[in-house]
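In my numbering, the protein residues as written are -9 to 355. We put the CB at the ideal spot given by N, CA and C, even for glycine. Worksheet: the structure to be examined is printed underneath.
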Ligand SMILES: *Cc1c(COP(=O)(O)O)cnc(C)c1O
């Protein structure tokens, strides 16, 4: 029910195939505030050779998201509800992953948003969208993409580099506008945790964009040394770099077609209402950010495709606020909140998580 599911399902099959060929196992460790965790678990459930350990902040995901993940009964899926916030979960994952000995012994891996197979699968959306639009006679097609870690829109950039005739790639952010700022000014200014807001489009609440390096590499004429110095030296030391003085930054718009804009909670609500009144269609809050920003960049001769990134049922509270009604849900999810749940509650403690993983792996061997 989020765009991540599509790519993750390809990855699930690729992993199962390749692990069997190598006669290996993999324990996927991740942290989620909602969409990534459910996408990974549904993609990996029942897959041979793969186990998933997914950390989430206890009681902080939407009721539906909790039900979606915790109701899975597959033996290779392990939900760990951490008594803490999302950042605690992410810190634990980073600490476990940086313990190389543990990582090797327990064959720990990740399926995060910089995973190339996920990005690759997303390229297909753009070809498919373009073909559907051109069948209807469109000659000029642009895409607007609700963005966080720059994964989805990076796939659009790849599609365009492959030759797909896309006019503009319109990047939409919410109040966490680090990417809009970069495309407007050339300054990439990573935010601190304290400066990262909790919004009603939570999957876009990011402080830095983990795939941006891929685009900057192309922007700098594939100059690996310069890219490395920006991301490894300047960003780490100062938390920022600035390309505004670099003539190549202008090419972000001209050569690569990028545009950007930012949407707020009020915009989100107004757009959800407007789309409902005009088209009798309910869109989720992230997609609403995409529509809001798309409208800042449309012109009469251009066909603009907005990527819908999730179904509204996952974000019922905002839909209620905007429309005063419940979002529709697919029949197969009726009563999901009442199913029995499987989640291990642990304190925000790296050792406790390591011990839990070790226990499960030893029990299986
Ligand atoms: C992950 C996600 C996004 C952001 O996508 P990125 O690839 O991180 O830019 C937007 N909307 C929804 C619903 C998401 O789950």
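Practice task
Indicate the three-state DSSP secondary structure (helix, strand or coil) for residue 178 in the structure shown.
Solution key: strand
Practice task
Please determine, among 254, 26, 54 and 207, the residue with the shortest C-alpha to C-alpha distance to residue 327.
Solution key: Comparing Cα-Cα distances from residue 327 to each of 254, 26, 54 and 207, the minimum goes to 54.
Practice task
From the DSSP output, in three-state form, read off residue 113 for me.
Solution key: helix
Practice task
With hydrogens ignored, establish whether the beta-carbon of residue 251 is closer than 8 Å to any heavy atom of ligand 1.
Solution key: Look at residue 251: its beta carbon is at least 8 Å from all of the heavy atoms in ligand 1.
Practice task
Compute the minimum distance between the beta carbon of residue 196 and the heavy atoms of ligand 3, and state whether it is under 8 Å.
Solution key: Annotation note on ligand 3: not contained in the displayed structure, which lists ligand 1 as its ligands.
Handout entry: C-alpha gap between residue 183 and residue 124, whole angstroms
Key = Between residue 183 and residue 124, the C-alpha separation is close to 43 Å.
Practice task
May I ask you to check if the CB of residue 46 is nearer than 8 Å to at least one heavy atom of ligand 1?
Solution key: no
Practice task
Report the three-state DSSP secondary structure of residue 104 (helix, strand or coil).
Solution key: coil
Practice task
Tell me whether the beta-carbon of residue 288 lies closer than 9 Å to the beta-carbon of residue 136.
Solution key: Their beta carbons are not under 9 Å apart, which means residue 288 does not touch residue 136 by this criterion.
Exercise for the section: With hydrogens ignored, establish whether the beta-carbon of residue 135 is closer than 8 Å to any heavy atom of ligand 1. Expected result: Because some heavy atom of ligand 1 lies under 8 Å away, the Cβ of residue 135 counts as near it: yes.
Handout entry: Best match in 239, 191, 175 and 227 for proximity to residue 205 [C-alpha to C-alpha]
Key = 239
Practice task
Please specify which runs of the alpha helix (DSSP H), each continuous and at least 4 residues long, are wholly inside the stretch 184 to 254, giving them in chain order.
Solution key: 202 to 209, 214 to 218, 225 to 228 and 237 to 244
Practice task
Using beta-carbon positions only, say whether residue 111 and residue 30 come within less than 9 Å of one another.
Solution key: No, Cβ-Cβ distance for residue 111 and residue 30 is not below 9 Å.
Problem - Residues near residue 198 in its chain [Cβ-Cβ closer than 6 Å; skip 5 each side] - result: 180
Exercise for the section: Please look up how many angstroms separate the CB atoms of residue 297 and residue 280, rounded, as I've assumed it's under 8 Å. Expected result: 6 Å
Handout entry: N-terminal and C-terminal residue of the beta strand (DSSP E) that residue 360 is part of
Key = For the chain, the structure presents residues -9 to 355; residue 360 sits outside this window and is missing.
Exercise for the section: Look at the Cβ atom of residue 250, then the Cβ atom of residue 186, and state whether they are nearer than 9 Å. Expected result: no
Exercise for the section: Pick helix, strand or coil for residue -9, following the three-state DSSP scheme. Expected result: If DSSP states are grouped into helix, strand and coil, residue -9 belongs with coil.
Handout entry: Residues that residue 61 bridges to, as DSSP identifies them
Key = For residue 61, which the question treats as bridged, DSSP gives no partner whatsoever.
Exercise for the section: Answer yes or no: the CB of residue 17 versus the heavy atoms of ligand 1, is any distance below 8 Å? Expected result: no
Practice task
Measure the CB-CB distance between residue 69 and residue 351 and report whether it falls below 9 Å.
Solution key: In this structure, residue 69 sits away from residue 351, with a CB-CB distance that is not shorter than 9 Å.
Problem - Proximity winner among 156, 143 and 194, relative to residue 166 (alpha-carbon distances) - result: 194
Handout entry: Within 9 Å, strictly: CB atoms of residue 33 and residue 2
Key = yes
Handout entry: For residue 340 and residue 83, the rounded distance between their alpha carbons
Key = 8 Å
Problem - Residue-level contact to chain C via CB, residue 133, 9 Å cutoff - result: Absent from the structure is chain C; it holds one protein chain and no more.
Exercise for the section: Taking only runs that begin and end inside the stretch 137 to 164, name each unbroken beta strand (DSSP E) of 3 or more residues, in chain order. Expected result: 156 to 163
Problem - Nearest to residue 234 (by Cα), restricted to the options 215, 226, 256 and 209 - result: Ranking the options by Cα distance to residue 234, first place goes to 209.
Exercise for the section: Tell me, please, which residues DSSP counts as bridged to residue 334. Expected result: 70
Exercise for the section: On the DSSP bridge assignment, give the partners of residue 262 in chain order. Expected result: Residue 262 is not bridged to any residue.
Exercise for the section: Assign residue 282 to one of two classes, buried (16 or more other C-beta atoms within 10 Å of its C-beta) or exposed (fewer than that). Expected result: By the neighbour-count criterion, in which a residue is buried when 16 or more other Cβ atoms sit within 10 angstroms of its Cβ, residue 282 is buried.
Handout entry: Any 3 or more C-beta pairs closer than 8 Å across the stretch 104 to 118 and the stretch 141 to 155
Key = yes
Handout entry: Between the CA atoms of residue 330 and residue 203 - distance to the nearest angstrom
Key = If I take the Cα positions, the gap works out to 42 Å.
Handout entry: Where residue 290 falls, given that 16 or more other Cβ within 10 Å makes a residue buried
Key = With a 10 Å radius around the Cβ and a threshold of 16 neighbouring Cβ atoms, residue 290 comes out exposed.
Handout entry: Short Cβ contact (9 Å threshold) for residue 305 with residue 219
Key = no
Problem - Closer than 8 Å: residue 276 CB and nearest ligand 1 heavy atom - result: yes
Practice task
Taking 9 Å as the cut-off, decide whether the C-beta atoms of residue 313 and residue 266 are in contact.
Solution key: For the 9 Å CB-CB criterion, residue 313 and residue 266 form a contact.
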